[in-house]
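Novice: Residue numbering for the sequence shown follows the working numbering, beginning at 91 and increasing consecutively.
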Amino acid sequence: MSNVTITNHPLIQHKLTIMRNKNTGSKEFRQLVGEIAMLMCYEATRDLPLQPVTVETPLVTAEFNTLAGKKLAFVPILRAGLGMVDGVLQLVPSARVGHIGLYRDPETLKPVEYYCKLPGDISEREVIVLDPMLATGGSAIDAISLIKQRSPKSIKFMGIIAAPEGLEALKAAHPDVDIYCAALDEKLNDHGYIVPGLGDAGDRIFGTK
Ligand code: PRP
Ligand code: URA
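1. How many angstroms separate the CA atom of cysteine 271 from the CA atom of isoleucine 250?
2. Determine the direct distance from the alpha carbon of leucine 179 to that of leucine 192, and round the result to whole angstroms.
3. Do aspartate 260 and isoleucine 269 have their C-beta atoms within less than 8 Å of each other?
4. Closer than 5 Å is what we want: which residues have a beta carbon that near any heavy atom of the ligand URA? List them in chain order.
5. Using CA coordinates, which residue listed in Thr97, Ser229, Ala163 and Lys160 is at the minimum distance from arginine 194?
6. Taking the alpha-carbon of leucine 199 as reference, which of Gln141, Leu257 and Tyr283 has the nearest alpha-carbon?
7. From leucine 208 to valine 150, what distance separates their C-alpha atoms?
8. Give the secondary structure of threonine 107 by DSSP, where H, G and I count as helix, E and B as strand, and everything else as coil.
9. Give a single yes or no on whether aspartate 221 has its beta carbon closer than 7 Å to a heavy atom of the ligand PRP.
10. Any heavy atom of the ligand PRP within a distance shorter than 7 Å of the CB on isoleucine 228?
11. Within 10 angstroms of the Cβ of glycine 256, are there 16 or more other Cβ atoms? Answer buried if so, exposed if not.
12. Going along the chain, which unbroken runs of the alpha helix (DSSP H) with 4 or more residues stay wholly within the stretch 229 to 285?
Written as structure tokens, this is what we have:
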């Protein structure tokens with residue numbers, strides 16, 4: 091069964107509270123998405139495998155750890171997931187980045203795929219899927235199914251706000267995927283928006299409406 095981690099560090103809670111405020115503009119909102127993604131990435135990469143290397147310090151020769159293997163690929167779900175990319179790349183600059191384009195049909199709330207480009211060597215990488223909002227869970231579930239067709243070493247999902255409905259749906263559809271979220275909110279409304287939430291993440295990041 092999926093491990094679920096709510097990364098509710100005080101710095102993350104503080105930044106997320108500012109994001110929730112409807113008077114916070116796109117410039118600040120975008121910056122905060124990036125900062126929260128970076129802080130969450132620290133937690134989501136806690137179990138990355140290490141391998142020893144021999145290093146000559148100015149004093150002695152000794153063994154120390156480095157990251158093992160081909161490491162990471164981040165896969166943002168377009169559009170809103172793009173807002174998290176710069177933050178995670180600040181921590182893992184050598185990671186590869188794939189992109190999956192999905193939008194929710196406003197009537198059915200079902201995800202519609204319009205783009206998929208993943209790193210060629212994804213089968214040798216641990217994948218972290220990025221999307222700030224886990225609402226019904228449909229977008230994350232479909233994105234992860236697409237990635238699984240390419241057999242990566244592992245997949246994690248990193249979001250900012252989850253609704254209970256989306257969290258349960260994602261756990262049921264992909265029990266092998268560990269989930270990291272900064273907050274678990276109360277519910278979805280009749281239009282599939284997370285309550286209390288922060289509104290439409292894509293629109294708030296990119297200043298569209
Ligand atoms: C938002 C969000 C997620 C999705 C979550 O994207 O970024 O991808 O909704 O909803 P779900 O869990 O019910 O699938 P949206 O469809 O608004 O597209 P956008 O990012 O291009 O604005
Ligand atoms: N997508 C968003 O951007 N916000 C929500 O509350 C739900 C889906």
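Ideal Cβ placement from N, Cα and C applies to all residues, glycine included.
Specialist: According to the structure shown:
1. Locating residue 271 in the sequence shown gives position 181, where the first residue counts as 1. Locating residue 250 in the sequence shown gives position 160, where the first residue counts as 1. Near 5 Å, if we compare the C-alpha coordinates of isoleucine 250 and cysteine 271.
2. The sequence position of residue 192 within the sequence shown is 102, counting from 1. The sequence position of residue 179 within the sequence shown is 89, counting from 1. Between the alpha carbons of leucine 192 and leucine 179 lies a distance of about 22 Å.
3. As a first step, residue 260 is located in the sequence shown; it is residue number 170 there, counting from the start. As a first step, residue 269 is located in the sequence shown; it is residue number 179 there, counting from the start. Here residue 260 turns out to be leucine, not aspartate, going by the sequence shown. Closer than 8 Å, so yes.
4. One residue after another in chain order, those with a Cβ under 5 Å from a heavy atom of the ligand URA are Met223, Ala225, Tyr283, Ile284, Gly287, Asp290 and Ala291.
5. The residue given as residue 194 occupies position 104 in the sequence shown. Each of Thr97, Ser229, Ala163 and Lys160 was checked against the Cα of arginine 194, and the nearest Cα belongs to Ser229.
6. The residue given as residue 199 occupies position 109 in the sequence shown. The shortest C-alpha separation from leucine 199 is found at Tyr283.
7. Locating residue 208 in the sequence shown gives position 118, counting from the first residue. Locating residue 150 in the sequence shown gives position 60, counting from the first residue. When rounded, the separation of the alpha-carbon atoms in leucine 208 and valine 150 is 42 Å.
8. In the sequence shown, residue 107 corresponds to position 17, counting from 1. In the structure shown, threonine 107 sits in a helix (DSSP, three-state: H, G or I).
9. What you label residue 221 is simply residue 131 of the sequence shown in a count that begins at 1. Checking the Cβ of aspartate 221 against the ligand PRP gives yes.
10. Your numbering for residue 228 matches position 138 in the sequence shown. First, the residue type needs correcting, since residue 228 is glycine and not isoleucine in the sequence shown. Correct: glycine 228 has its Cβ closer than 7 Å to the ligand PRP.
11. Numbered from its first residue, the sequence shown carries residue 256 at position 166. When all chains shown are included, glycine 256 counts as buried.
12. The stretch 229 to 285 contains these whole alpha helix (DSSP H) runs: 254 to 263.
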